[in-house]
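Chemist: Just so we're on the same page, the working numbering is the position in the sequence shown counted from 1, plus 184.
Quick one: the structure is below, questions incoming.
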Amino acid sequence: MSETPENETPAATGAPEARDHAAQAGQLDAADPLGATIRDRFVLDTPSDRVSGDAGVYLDGNSLGALPRAVPGRIADVISREWGEMRIRSWDESGWWTAPERIGDKIAPLIGASPGRVVVGDSTSVNVFKAVVGGIRMAGKGCTEILVDATTFPTDGYIARSAARMTGLAVRPVEPTRIADEVTERTALALVNHVDYRTGELNDLPGITTALHSAGALAVWDLCHSAGALPVEVERYGVDLAVGCTYKYLNGGPGSPAYLYVRESLQDRFDSPLPGWNSHAEPFGMAPDYTPADGIVRGRVGTPDILSLLALETALDVWDGVTLEDVRTKSLALTDFFLDCVAAYVPPGRVRSITPYDHSRRGSQVSLECSGAAEVMTELIRRGVVGDFRKPDVLRFGFTPLYTSFADAERAAWVLGEVLRALPEQDPQTAGAGG
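Below you can see the structure in the form of structure tokens.
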């Protein structure tokens, strides 16, 4: 990709006469080490689907990943045999009871963790609550505040404020780039998103974690938009607690359970604010008093959601033989290529990238500011290119390296150019009015 000023999409010179990047897309796909073999592990649209008007290019895997081909058969077996025939025996004989830790161990290498550090279950919001309150309880005496990523996904902020009210602490929103300067000895922890959900900017996990530790604070990371899209390395950089969803780049399905990571040296101090029977040292003892289990099991709460858990377990099999280094290399190449195609195909001045061009600051999505973005995305979807829209004026395109092709990226940029040439340019003062 040619040198470009930060966050300024290169200007096109007019309506392109030909899809000059289509041949390059074919060459890049042919050389892709993930390529068709990995892509074929997913249920995706075919060229004939595009002709029929159904979605042909799926660039919303940063909200909901595609269906792995092996999942329907696995769930059919769980329902008909494990539930239908074996019934309650399956808690032992089919491994239902140990699924939260077993599947946690499958997620662990995707976030740079060792076995026994991750447990799966509950929603992301519930796990954020566990991590924040548990972190506050481990903080040193005299702490009066927690820091929250000022650009955070709203729910994280809601949960953090609720947790602070319950524990008598204050919440201070801070831009991620300012956390190292703003943390003090009064800070219990900081809750930070690894990748900004709106812009796709990658925050400095190693640097922020080090700065927090230097002040005696804990680092709590939200990995929802990074796990499965790039190397995370929670153990290498000393992350204390982390949470993440599994329905984006991990392709676990709508509403699939989230996960909680607790650093090994903190596990015996982790005091969950939700001490359910599943995290008891003797869950079937039915004792009136709570005694937490050892290790990551104390991150469990209630009865595991087995159907979703086992769908996720099978979905994670798509990672067999895949390295995160190849995933990251392809992610950056895809987003570079898409930005180049946008520059070539989109009328000048109609979009502006708010996703950093600097590879060290980019996740695996491209967000474009665009007047009339809601109408533009509606038309893109009608024409078979599925991304999403964030108010007031952002088009988001998520690139899932396991199955997104360079041909997908090229076609999406071409159709975007067609849509913007067909739609009148809106006045930025009125675009997106009404919320």
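C-beta atoms are modelled at their ideal positions from N, C-alpha and C, and glycine is treated no differently.
1. From Ile222 to Gly391, what does the alpha carbon distance come to, in whole angstroms?
2. In the DSSP assignment, find the unbroken beta strand (DSSP E) run with Asp577 in it and report its ends.
3. Which stretch, first to last residue, makes up the beta strand (DSSP E) that contains Thr507?
4. Grab the span of the alpha helix (DSSP H) containing Pro284 for me, first residue to last.
5. Using DSSP with H/G/I as helix, E/B as strand and the rest coil, what is Asn377?
6. Between Gly601 and the rest of its own chain, which residues show a CB-CB distance below 6 angstroms, the 5 nearest in sequence each way excluded?
7. What are the uninterrupted segments assigned as alpha helix (DSSP H) that are 4 or more residues long and contained completely in the segment 256-341, given in chain order?
8. Candidates Leu579, Cys554, Glu553: which alpha carbon is nearest Ile565's?
9. What is the rounded straight-line gap between the Cα of Val535 and the Cα of Asp380?
10. Quick check on the burial criterion: 16 or more other C-beta atoms within 10 angstroms. Buried or exposed for Thr383?
11. By Cβ distance below 8 angstroms, which residues in the same chain neighbour Pro438 in space, the five residues on each side in sequence not counted?
12. Measure from the alpha carbon of Ser410 to the alpha carbon of each residue in Arg258, Leu353, Asp229, Pro585, then state which is nearest.
13. Quick check: the segment 355-365 against the segment 330-339, are there 3 or more CB pairs under 8 angstroms?
14. Give the DSSP-derived three-state secondary structure of Cys554 in the structure shown.
15. Out of His205, Arg253, Val310, which has the shortest C-alpha to C-alpha gap to Val502?
16. Report the option in Arg482, Ala527, Leu386 whose CA atom is closest to the CA atom of Arg203.
17. Would you please state the rounded distance, in angstroms, between the beta carbons of Phe581 and Ala557? I believe it to be under 8 angstroms.
18. Let me make sure I understand the geometry here. Which of Trp461, Asp216, Glu417, Gly486 has the alpha-carbon closest to that of Gly296?
19. Here's a check: name, in chain order, each residue in its chain whose Cβ is nearer than 8 angstroms to the Cβ of Ala250, leaving out the five neighbours to either side.
20. Tell me whether Arg546 is buried or exposed, calling it buried when 16 or more other Cβ atoms sit within 10 Å of its Cβ.
21. Spatial neighbours of Trp598 within its chain, please: C-beta separation below 6 angstroms, excluding the five flanking residues on both sides.
22. Counting pairs of Cβ atoms below 8 angstroms between the segment 467-481 and the segment 492-507, do you hit three or more?
23. List the residues that DSSP assigns as beta-bridge partners of Ala354.
24. Use the C-beta contact count for Phe468: other C-beta atoms within 10 angstroms, 16 or more gives buried, fewer gives exposed.
25. Under a three-way DSSP split, which group does Val530 fall into?
26. Return the chain-ordered list of same chain residues with a C-beta closer than 6 angstroms to the C-beta of Ala364, the five sequence neighbours on each side being excluded.
27. Below 8 angstroms on the Cβ atoms is my guess for Asp244 versus Val570; work out the distance and round it to an integer in Å.
Modeler: So, from the listed chains and residues:
1. 33 angstroms
2. No beta strand (DSSP E) holds Asp577; DSSP gives it neither H nor E.
3. It is not in any beta strand (DSSP E) - Thr507 carries neither H nor E in the DSSP assignment.
4. 283-291
5. strand
6. Tyr529, Val530
7. 274-277, 283-291, 308-322
8. Leu579
9. 19 angstroms
10. buried
11. Leu248, Tyr431
12. Pro585
13. yes
14. strand
15. Arg253
16. Ala527
17. Going by Cβ atoms, the distance from Phe581 to Ala557 rounds to 12 angstroms, so no, they are not a contact pair.
18. Glu417
19. Phe226, Val227, Leu228, Tyr242, Asn435, Thr584, Tyr587
20. buried
21. Arg203, Tyr529
22. no
23. Glu329
24. exposed
25. coil
26. Ala395
27. 5 angstroms
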